[in-house]
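In the numbering used here, the protein residues as written are 10 to 763. Quick reminder that beta carbons are idealized off the backbone N, C-alpha and C, glycines included. Reviewing the structure listed below.
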Amino acid sequence: MAFPHLQQPSFLLASLKADSINKPFAQQCQDLVKVIEDFPAKELHTIFPWLVESIFGSLDGVLIGWNLRCLQGRVNPVEYSIVMEFLDPGGPMMKLVYKLQAEDYKFDFPVSYLPGPVKASIQECILPDSPLYHNKVQFTPTGGLGLNLALNPFEYYIFFFALSLITQKPLPVSLHVRTSDCAYFILVDRYLSWFLPTEGSVPPPLSSSPGGTSPSPPPRTPAMPFASYGLHHTSLLKRHISHQTSVNADPASHEIWRSETLLQVFVEMWLHHYSLEMYQKMQSPHAKESFTPTEEHVLVVRLLLKHLHAFANSLKPEQASPSAHSHATSPLEEFKRAAVPRFVQQKLYLFLQHCFGHWPLDASFRAVLEMWLSYLQPWRYAPDKQAPGSDSQPRCVSEKWAPFVQENLLMYTKLFVGFLNRALRTDLVSPKHALMVFRVAKVFAQPNLAEMIQKGEQLFLEPELVISHRQHRLFTAPTFTGSFLSPWPPAVTDASFKVKNHVYSLEGQDCKYTPMFGPEARTLVLRLAQLITQAKHTAKSISDQCAESPAGHSFLSWLGFSSMDTNGSYPANDLDEMGQDSVRKTDEYLEKALEYLRQIFRIINGLRRFEIEYQGDPELQPIRSYEIASLVRTLFRLSSAINRRFAGQMAALCSRDDFLGSFCRYHLTEPGLASRHLLSPVVRRQVAGYTRGPRLSLRFLGSYRTLVSLLLAFLVASLFCVGPLPCTLLLTLGYVLYASAMTLLTERGKLHQP
10 MAFPHLQQPS FLLASLKADS INKPFAQQCQ DLVKVIEDFP AKELHTIFPW LVESIFGSLD
70 GVLIGWNLRC LQGRVNPVEY SIVMEFLDPG GPMMKLVYKL QAEDYKFDFP VSYLPGPVKA
130 SIQECILPDS PLYHNKVQFT PTGGLGLNLA LNPFEYYIFF FALSLITQKP LPVSLHVRTS
190 DCAYFILVDR YLSWFLPTEG SVPPPLSSSP GGTSPSPPPR TPAMPFASYG LHHTSLLKRH
250 ISHQTSVNAD PASHEIWRSE TLLQVFVEMW LHHYSLEMYQ KMQSPHAKES FTPTEEHVLV
310 VRLLLKHLHA FANSLKPEQA SPSAHSHATS PLEEFKRAAV PRFVQQKLYL FLQHCFGHWP
370 LDASFRAVLE MWLSYLQPWR YAPDKQAPGS DSQPRCVSEK WAPFVQENLL MYTKLFVGFL
430 NRALRTDLVS PKHALMVFRV AKVFAQPNLA EMIQKGEQLF LEPELVISHR QHRLFTAPTF
490 TGSFLSPWPP AVTDASFKVK NHVYSLEGQD CKYTPMFGPE ARTLVLRLAQ LITQAKHTAK
550 SISDQCAESP AGHSFLSWLG FSSMDTNGSY PANDLDEMGQ DSVRKTDEYL EKALEYLRQI
610 FRIINGLRRF EIEYQGDPEL QPIRSYEIAS LVRTLFRLSS AINRRFAGQM AALCSRDDFL
670 GSFCRYHLTE PGLASRHLLS PVVRRQVAGY TRGPRLSLRF LGSYRTLVSL LLAFLVASLF
730 CVGPLPCTLL LTLGYVLYAS AMTLLTERGK LHQP
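Next up, the structure:
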């Protein structure tokens with residue numbers, strides 16, 4: 010593509026826009042590479058916003074750009090290779106960014122597309138708590154409406170890159186895209202590895218020309234004193250935007266300004282959708298969700314957390330020790346210490362709290378679960394990590410991780426209780442749900458982890474009155490009003506104070522803490538253990554039933570019947586779809602999960618194992634996977650109507666002493682509940698005063714087995730030229746004879762009872 014000497018930069022933009030329509034994608038990228046190489050920054054800065062939007066899509070989601078979230082190497086290898094080379098952190102696009110960076114260009118970014126809490130804060134003329142926004146707000150004549158951020162080229166590029174995960178429409182369910190294979194996910198990984206290196210230092214910016222100088226750094230964030238993490242007074246956050254302070258030209262910060270910016274943008278755009286005030290309001294069951302993350306979003310956040318753990322744990326032992334704070338350390342080393350506690354923890358906690366409380370009760374929650382478990386196990390990403398232990402002998406968690414556990418106590422305890430509440434509302438017969446319970450139990454059962462969590466709870470619950478030297482301390486939310494490169498605060502050695510500050514900063518001063526090892530949580534664990542035992546019995550009964558009638562089940566599936574619960578409350582049980590291997594896997598998951606829970610909470614170990622069975626009204630017991638949910642509900646309504654209408658007549662028939670009375674009692678009554686083996690004293694008291702007259706039950710007609718048997722009977726009868734009506738009469742007659750015989754045997758058995 011030969012470009013003449015252009016007097017007006019707009020001609021270049023118009024030419025590129027025309028090429029984007031008329032030329033193949035590969036040719037467009039080749040032309041862009043040449044334009045970036047040949048043209049000066051003063052002409053390139055006019056095409057930069059258009060090019061960024063062309064790649065990542067528009068902020069309103071109308072334009073999808075290069076559709077990086079669906080682009081996969083195995084599907085479109087040529088296009089994928091071109092895109093990855095062009096957008097690589099050392100590629101042409103980043104070279105354009107640094108070329109513009111050297112000239113100190115600014116680009117407007119609308120505040121209206123920022124996450125909710127940030128947008129609300131800026132529109133109210135309150136400076137957000139992240140230094141990312143300092144010195145960037147541009148006022149407009151309309152005041153809070155139509156505000157823009159003035160971003161440097163690197164910030165503008167990363168803002169669009171991060172927000173494209175949020176602003177673009179969710180991927181359609183019919184499109185089976187593996188997120189970890191997509192160009193967007195791979196680029197996130199490359200950017201993290203480049204700008205947050207676990208080995209060596211951050212690569213320097215690319216030169217704008219061969220032999221040229223590196224671009225100058227962007228304006229720095231305000232150099233406000235960073236008293237200590239979590240100890241800065243909250244009122245300092247509420248500075249009016251008009252009081253933005255001058256920039257910090259500290260030369261030592263030039264090394265990693267891109268790393269700091271990248272992390273802050275990722276955290277702000279992906280996690281900062283909930284404030285503490287908003288989270289507290291969301292506890293109301295009538296509250297509307299402000300932002301709903303997708304499974305793809307969660308998977309990308311998990312990638313960020315895994316890399317941050319590896320980044321933070323890549324400090325050498327001498328650098329990670331507390332004494333290292335008093336020695337000269339590089340900005341990158343300081344950043345590694347500050348990355349997780351200062352920038353990530355609070356926003357991630359609120360994000361996880363929302364997901365635990367509002368995510369659908371289906372198997373897609375596995376993505377949230379694994380993201381949470383990845384954050385809880387930084388030792389998995391440490392450079393000195395050992396090989397994972399076997400299931401029988403899991404690896405012990407080193408005591409050196411105790412400070413991390415204590416300073417992230419709510420991540421372990423409150424979210425664990427939240428998971429218990431979710432698990433109690435799911436169908437654990439499903440292998441996918443059983444696997445989630447197994448995964449959580451296995452992680453928390455790692456040797457020494459439960460003890461460290463319990464120690465953290467003891468430190469938090471330690472009474473303040475005993476420790477007089479803490480009486481004047483304030484617990485406040487962590488603030489990020491300056492660059493993390495401000496002088497490092499003195500280390501707070503009081504472990505109890507650290508834990509209390511962590512809890513109060515994330516939950517507020519008036520929070521009500523529920524101990525993970527307290528009586529309330531223990532009750533939930535016992536309920537879950539009972540549910541697991543019951544699910545194991547149900548899975549076994551399904552397995553036995555499937556083994557008895559595989560042909561009938563296959564025939565029913567061929568006809569299009571399924572075990573889908575039509576009310577949408579719970580997903581269908583997937584045991585029937587996956588076969589006997591899945592049943593065995595479910596039983597294995599549940600058995601191991603139960604054992605892990607016993608280890609963590611020291612419950613029911615060595616004690617008698619109770620058989621769990623349903624002891625309520627048989628008509629109201631949960632719908633089984635071998636029943637048609639909608640048919641069972643219809644039959645229940647029908648039988649209830651009959652029972653109400655003919656209650657008196659049925660009672661009169663059952664009170665007769667002749668054969669007709671015995672025949673009616675056989676069909677219209679059930680064995681007395683008092684004769685059952687009842688485990689709960691509460692149920693015994695309820696049954697003692699429980700009386701019920703004769704009633705009709707039609708629930709057996711909602712069973713797959715019953716319907717398949719009837720269908721097969723009609724098919725066999727048709728082979729002998731017996732029509733549906735004669736077949737029905739024969740079946741009815743046969744059942745009457747069978748029921749009469751059973752009635753006589755039942756009455757005779759009662760006569761011989763002592």
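Check the C-beta distance from residue i over to residue j and give it rounded, since I have them as a contact under 8 Å.
i: Leu437; j: Phe320; result: About 37 Å; that fails the 8 Å criterion.
i: Ala538; j: Ile612; result: 7 Å
i: His316; j: Pro124; result: Not quite, the Cβ-Cβ distance comes to about 21 Å (not below 8 Å), so this is no contact.
i: Leu385; j: Val452; result: 7 Å
i: Leu22; j: Trp75; result: Rounded, the Cβ-Cβ distance is 18 Å, inconsistent with contact.
i: Phe275; j: Leu313; result: 6 Å
i: Leu174; j: Trp279; result: 7 Å
i: Glu304; j: Ser373; result: 5 Å
Let me confirm a value: residue i is counted as buried when at least 16 other C-beta atoms fall within 10 Å, else exposed. Which label applies?
i: His367; result: exposed
i: Asn430; result: exposed
i: Val717; result: buried
i: Glu636; result: buried
i: Cys730; result: exposed
i: Leu483; result: Any reading at Leu483 needs caution, since the residue's pLDDT is 46, under 50, leaving its predicted position unreliable; the model's value is listed next. Exposed is the call here.
i: Thr755; result: exposed
i: Val84; result: exposed
i: Met751; result: exposed
i: Glu208; result: exposed
i: Gln658; result: exposed
i: Ser339; result: exposed
i: Pro627; result: exposed
i: Tyr747; result: exposed
i: Thr301; result: exposed
Consult DSSP for residue i and reduce its assignment to one of helix, strand or coil.
i: Ile613; result: coil
i: Leu565; result: Note on Leu565: pLDDT 43, under 50, position unreliable in the model; the coordinate value appears next. Three-state result, Leu565: helix.
i: Ala372; result: coil
i: Leu385; result: helix
i: Gly155; result: strand
i: Leu707; result: coil
i: Ile632; result: coil
i: Val414; result: helix
i: Val406; result: coil
i: Ile73; result: coil
i: Gln177; result: coil
i: Glu756; result: helix
i: Ile135; result: strand
i: Phe169; result: helix
i: Gln663; result: One detail in the question is off: residue 663 reads as Cys in this sequence, not Gln. If DSSP states are grouped into helix, strand and coil, Cys663 belongs with the helices.
i: Phe194; result: helix
i: Phe300; result: coil
i: Leu123; result: coil
Can you tell me where the beta strand (DSSP E) holding residue i begins and where it ends?
i: Pro119; result: 116-119
Can you tell me where the alpha helix (DSSP H) with residue i in it begins and where it stops?
i: Gly209; result: Neither: Gly209 is in no alpha helix (DSSP H) and is coded neither H nor E.
i: His367; result: 354-367
i: Thr643; result: 638-654
i: Leu718; result: The amino acid at residue 718 is misidentified as Leu; the sequence shows Ser. That run of the alpha helix (DSSP H) goes 713-728.
i: Thr270; result: 266-280
i: Met103; result: 101-110
i: Phe48; result: No alpha helix (DSSP H) contains Phe48, which DSSP labels as neither H nor E.
i: Lys521; result: Per DSSP, Lys521 belongs to no alpha helix (DSSP H) and is neither H nor E.
i: Ala348; result: Counting along the chain, Ala348 falls outside any alpha helix (DSSP H), and DSSP gives it neither H nor E.
Within its chain, find whatever has a CB closer than 7 Å to the CB of residue i; leave out the 5 residues flanking it on each side and keep chain order.
i: Gln37; result: Asp28, Ser29
i: Leu80; result: Glu88, Tyr89, Val92, Cys191, Ala192
i: Val512; result: Leu418, Leu419, Phe469, Cys520, Tyr522
Please work out which residues of its chain come closer than 8 Å, Cβ to Cβ, to residue i, disregarding the five sequence neighbours upstream and downstream, and give them in chain order.
i: Val745; result: none
i: Leu378; result: Phe428, Met445, Arg448, Val449
i: Leu662; result: Leu669, Gly670, Cys673, Leu677, Pro703
Tell me which same chain residues have a C-beta within less than 6 Å of the C-beta of residue i, skipping the five on either side of it?
i: His363; result: Tyr283
i: Val307; result: Ala376, Val377, Met380
i: Ile632; result: Ala638, Val641
i: Tyr122; result: Leu68
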